[in-house]
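J.: Please read through the structure below; I'll follow up with questions.
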Amino acid sequence: MTQRFNGFPTDGQQFLVDLAREQNRDWFAAHRSLYDDALQGPLIDLVLDLTDELARRGVPLQGDPKRNIFRIHRDVRFSKDKSPYKTHVSATLTADGGKLSFGILYIQIDPKGAFVACGFYMPEPADLAAMREALVADPAAWRRIESALALHGLALEPDEAALKRVPRGFEGVDDAALHEMLKRRSWIISVPLTKAEIGAPGLVNKIADFATAAMPLLRFGLSATGRA
0 MTQRFNGFPT DGQQFLVDLA REQNRDWFAA HRSLYDDALQ GPLIDLVLDL
50 TDELARRGVP LQGDPKRNIF RIHRDVRFSK DKSPYKTHVS ATLTADGGKL
100 SFGILYIQID PKGAFVACGF YMPEPADLAA MREALVADPA AWRRIESALA
150 LHGLALEPDE AALKRVPRGF EGVDDAALHE MLKRRSWIIS VPLTKAEIGA
200 PGLVNKIADF ATAAMPLLRF GLSATGRA
């Protein structure tokens, strides 16, 4: 397999820094070729190479640059902030290849702090309920998942949108250790990416290693909701 991705050049990262300061369409148009060459192009290559590498590893995540790369233009229709551009670039890979499908690998290249994340962000009520039911049905299986993640230094991120109380229908759960999990509305793990990492070809394997380590969490959610 021939690798396409060679890293995000430093001038692409600087472009994002400058864009945060400029935030105007004339400036963006004048520097569009730099955006295309140093950010959009490498991001396309990254999505393609990751899809190939994850398929090679048997990890069921995929992406198509035509669908899975987010536009750099902000949707300002309902925002007080009318800045026309995002100051990062990002993309996803998912089990079915949709941009925002259930169970997601999200990559954000940002000079203020790049990262890759994986899991389930604010699932629909039916999916969230199914995950909670699976958790209660087999607590030991969930603890094995937590242990598997911990072997790679991974743990669920705090959920700022978590419920204050155990959700209705689960009040009778005796296992107090499960209560915090049942309150969750998102199940996300993430790791930061350094400037050196995003500027090098090895980013493909770095993200693929993370996705492979995240599979116990993904399989839990996909299985609980009947998708696997």
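Under numbering that gives the first Met the number 0, the sequence shown is numbered contiguously, ending at residue 227. Don't be surprised by glycine CBs; every beta carbon is placed ideally from N, CA and C.
1) Under 8 Å between the Cβ atoms of THR91 and GLY102?
2) Is ASP80 buried or exposed, if buried means 16 or more other CB atoms sit within 10 Å of its CB?
3) Looking at the secondary structure, which residues open and close the beta strand (DSSP E) in which TYR241 lies?
4) Three-state secondary structure (DSSP) at ILE206?
5) Got a sec, what are the start and stop residues for the alpha helix (DSSP H) VAL135 sits in?
6) Find the nearest neighbour of ASP109 within the set ALA223, ALA207 and ASP17, judged by alpha-carbon distance.
7) Should the segment 37-47 be regarded as contacting the segment 9-16, the criterion being three or more beta carbon pairs within less than 8 Å?
8) Under the three-state reduction of DSSP, which class applies to ALA160: helix, strand or coil?
9) Is TYR120 helix, strand or coil when you go by DSSP?
10) Taking only the alpha-carbon atoms, compute the straight-line gap between ASP74 and ALA139 and give it to the nearest angstrom.
11) Counting Cβ pairs closer than 8 Å, one from the segment 186-203 and one from the segment 153-173, do we hit at least three?
12) Enumerate in chain order the residues of its own chain whose CB-to-CB distance from PHE114 is below 7 Å, with the five nearest sequence positions on each side excluded.
13) Relative to the C-alpha of ALA175, which residue among LEU134, LEU202 and ALA210 is closest?
14) So, helix, strand or coil for GLN22, using DSSP?
15) Report the partner residues of HIS72 according to the DSSP bridge assignment.
16) Which term fits ALA161, buried or exposed, when burial requires 16 or more other beta carbons within 10 angstroms of its beta carbon?
17) For the alpha helix (DSSP H) containing LEU42, name the first residue and the last one.
18) Less than 8 Å between the beta carbons of LEU202 and PHE27, yes or no?
19) Relative to the C-alpha of LEU127, which candidate in LYS182, PRO64 and GLY62 has its C-alpha closest?
T.: Quick answer:
1) no
2) exposed
3) Residue 241 lies beyond the residue range present for the chain, which begins at 0 and ends at 227; the question has no answer from this structure.
4) Helix at ILE206.
5) 124-136
6) ASP17
7) yes
8) coil
9) coil
10) Answer to the nearest angstrom: the Cα atoms are 43 Å apart.
11) These segments touch.
12) GLN107, SER189, VAL190, PRO191 and LEU192
13) LEU134
14) coil
15) TYR84
16) exposed
17) 40-56
18) no
19) LYS182
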